[in-house]
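In mature numbering (1 follows the signal peptide of the UniProt record, and there is no 0), the protein residues as written are -16 to -1, 1 to 456. For reference, the structure is listed below as structure tokens.
Set out below in structure tokens:
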């Protein structure tokens, strides 16, 4: 009898969930008839701790977003905005009835006639921005994976191939159209809602939904929009030397370098050591000279190309594969600590045998331009500018959920080896790369007190609480 009672209670709960889901979906269809409302879960980049909404709304107009926010607030329903669906931080908490606001329909990109600005829709991908900028004969700072949401990446900071020349993405935002927690549609800029403008640039998802942004662009000739890109593979016995070369390499503003531990690909899927370099406007000759220290180490193989702007991110296409479990850890490192890399390699080899697509990478950029921005000019953690050498990421990548514990152990151990302190959760961390267990201080740094004050002003009920929520 007790078992029967439990079964009846469970069936009633499931029925109530379905009813609530239908009610919410029906309400939203009536509220925003021009947008698409469905109960299907859209695939994300990682299935690990992925948000599971009961209803997804693919909006077609910025006014619809304001209506949805007001509806969810009144009904006490959690909501999450999705730009590219790549964010992996484990801070999502949609609950039973959560609504996903998908911005994919707002993917327009318009480059001004003078090519000095571009207006980017909230749903535009990095690939969309590059295609439009290239067609217009301009360059715009973006990240390096075409599938990632352009503004999502930019609001968290915005690393990219051009940052040595123009600074972080957040340094290049001129104005934004944003839906606030009150469901108001505002313009935020240096002269309009300036406090909100400051907070959005570094802590954006805590303060509103950015439906479009106008950003700096720059006119660029066909030659300006080319780059030298190389791929050098090394044997494991060279790893310490390679790591030291990454630290010692003098980077020009037009240059960046990655060290990647990766798979050789099928059928063998052997763990491999890759250095990939980028030099805007580089030729085969000047590119080889810029990365000479790596060539001098004697790579197992090398390839290089001079390619156009629309192909700069081609090497990262595989990264965009959706699905699979990818609990990613990162650290803002102060140096390479080359002597630790044999140990890191052993940890990588051990897990990569079970998750062949797992990867580890060091992203190093020239930070001179980024460091020229006034202290506190945006909400981005200042340590990312002034107390950083590079970004380090470890990505366990696998399908079997039974490997979760081992993957988390692997990621945690590597992050600890990179850490500048005894507790990596307190180290300065780039939010777009963070795992989700870091402290607010680690994510927001010296900006945190001001952000906490502004959070009380612009989102007193804490409605925007999905992405590294600011604790007040």
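Where is the CB? At the ideal position from N, CA and C, for every residue including glycine. None of the values given here were measured: they were computed from a predicted structure.
Here DSSP, grouped into helix, strand and coil, assigns residue 303 to helix. For residue 135, the enclosing alpha helix (DSSP H) stretches over residues 134 to 139.
Under the DSSP assignment, residue 159 falls in the beta strand (DSSP E) whose first and last residues are 157 to 163. Following the DSSP letters along the chain, one finds residue 215 in no alpha helix (DSSP H) but inside the beta strand (DSSP E) bounded by residues 210 to 218.
Linking residue 143 to residue 128 through their CA atoms gives a straight-line distance of about 8 Å.
If you compare the alpha carbons of 447, 454 and 438 with that of residue 179, the shortest gap goes to 438. The beta carbons of residue 311 and residue 29 sit no closer together than 9 Å. The beta carbon of residue 385 sits closer than 7 Å to those of 309, all from its chain and outside the five residues before and after it, given in chain order. Rounded to the nearest angstrom, the gap between the Cα atoms of residue 22 and residue 284 is 51 Å. With fewer than 16 neighbouring CB atoms inside 10 Å of its own CB, residue 251 falls in the exposed class. Between residue 160 and residue 135, the alpha-carbon positions lie close to 10 Å from each other.
Minimum Cα-Cα distance from residue 382 among the listed residues 371, 342 and 368 corresponds to 342. Of the candidates 47, 318, 99 and 297, 47 places its Cα closest to the Cα of residue 169. Under the DSSP assignment, residue 105 falls in the beta strand (DSSP E) whose first and last residues are 101 to 105. Excluding its 5 nearest sequence neighbours in each direction, residue 243 has C-beta neighbours in its own chain below 7 Å: 226, 227, 230, 259, 345 and 346, listed in chain order. Bridge partners of residue 86 according to DSSP: 42 and 66. Of the other Cβ atoms in all chains shown, fewer than 16 fall within 10 Å of the Cβ of residue 306; this residue is therefore exposed. By the Cβ criterion, the stretch 214 to 226 is in contact with the stretch 271 to 290, since at least three pairs of Cβ atoms, one from each stretch, lie closer than 8 Å. Cβ atoms of residue 315 and residue 402 come within 8 Å of each other, at about 4 Å. Take the alpha-carbon of residue 97 and the one of residue 199: they are about 14 Å apart.
Counting along the chain, residue 110 sits inside the alpha helix (DSSP H) bounded by residues 110 to 120. Separation of residue 353 and residue 238 (C-alpha to C-alpha, rounded to the nearest whole angstrom) is 11 Å. DSSP, read as helix, strand or coil, puts residue 313 in strand. Following the DSSP letters along the chain, one finds residue 392 inside the alpha helix (DSSP H) bounded by residues 388 to 402.
In this chain, the alpha helix (DSSP H) harbouring residue 178 covers 178 to 187.
Under the three-state reduction of DSSP output, residue 455 falls in the coil class, being neither helix nor strand. The distance from the Cβ of residue 265 to that of residue 210 is about 6 Å, consistent with a contact at the 8 Å cut-off.
Secondary-structure assignment with DSSP links residue 197 through a beta bridge to 104 and 160. Residue 297 carries a coil assignment under DSSP once its states are collapsed to helix, strand and coil.
Residue state for residue 239 is assigned as strand, using DSSP reduced to three classes. Apart from sequence neighbours up to five positions away, the residues of its chain that approach residue 5 with a beta-carbon distance below 8 Å are 23, 38, 39 and 81, ordered along the chain.
Taking each of 271, 54, 13 and 327 in turn and checking the Cα distance to residue 443, the smallest one comes out for 54. Residue 141 and residue 414 have their alpha carbons spaced roughly 8 Å apart. An exposed status is given to residue 10, since fewer than 16 other beta-carbon atoms sit within 10 Å of its beta-carbon.
Taken in chain order, the whole alpha helix (DSSP H) runs of length 4 or more contained in the stretch 404 to 443 are 424 to 428 and 432 to 442. Each residue's CA atom was taken as its position, placing residue 348 and residue 49 some 37 Å apart.
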